[in-house]
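Q: I'd like to ask you about the structure that follows.
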Amino acid sequence: MLRIGTLLSMLVRRCDPTKASEVSVEGASGVAMQMLMGRADAAPNFAMRHFVVAPGGHTPRHSHPWEHEVYVTEGVLRTECGGESIEVFAGDALLIPGDATHQFVNESDAQARFLCMVPLESECGRDVPGS
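What the sequence shown shows, in my numbering, is residues 3 to 133, in sequence order.
Shown next, in the form of structure tokens:
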């Protein structure tokens, strides 16, 4: 909800793969992201991002100090986290702990999509990228 003056108002956004922009960070391939809501929408604590991973695509293998929660909405992804590798499916929710090295890989012939929630600020008070 957004606080507008003294009133509360809901913000509604639809996940739309056609509105996702290519993720152009080193180590990413075939990944696009749509910002659903975050800092620019006056969200006080979290950002919600919608990711689309093309067949054969993957996020970079990386780590950062903040946790994030992921909900798979479509497809199958191989998820590596902290040395463990598992397949996750539409309907699965994951907690990726802070400082855990992780990556999402689409080894299937169909696109995969997931929602990713991150805090707006890391523990040190710095802005979380993509929030």
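All C-beta atoms in this analysis are idealised placements derived from N, C-alpha and C, irrespective of residue type, glycine included. Quick caveat: nothing in here was measured; it's all calculated off a predicted structure.
Buried or exposed, going by whether 16 or more other CB atoms sit within 10 Å of the CB of residue 34?
A: By the neighbour-count rule (16 or more Cβ atoms within 10 Å), residue 34 is buried.
Q: Going by DSSP, which residues form a beta bridge with residue 12?
A: None; residue 12 has no bridge partner.
Q: Which word fits residue 61, buried or exposed, when buried means at least 16 other C-beta atoms lie within 10 angstroms of its C-beta?
A: It is buried - the Cβ of residue 61 has at least 16 other Cβ atoms within 10 Å.
Q: Straight-line CA distance for residue 53 to residue 109?
A: So the two alpha carbons sit approximately 16 Å from each other.
Q: Just mark residue 64 as buried or exposed, buried being the case when its beta carbon has 16 or more other beta carbons within 10 Å.
A: Its Cβ having fewer than 16 others within 10 Å, residue 64 is exposed.
Q: Residue 98: buried (16+ other C-beta within 10 angstroms of its C-beta) or exposed?
A: Burial call: buried.
Q: What separation, rounded to the nearest whole angstrom, lies between the Cα atoms of residue 40 and residue 48?
A: Roughly 6 Å between the two C-alpha positions.
Q: Given 8 Å as the limit, is there contact between the region 104–118 and the region 70–84, that is, 3 or more CB pairs closer than that?
A: Contact holds: three or more Cβ-Cβ distances are below 8 Å.
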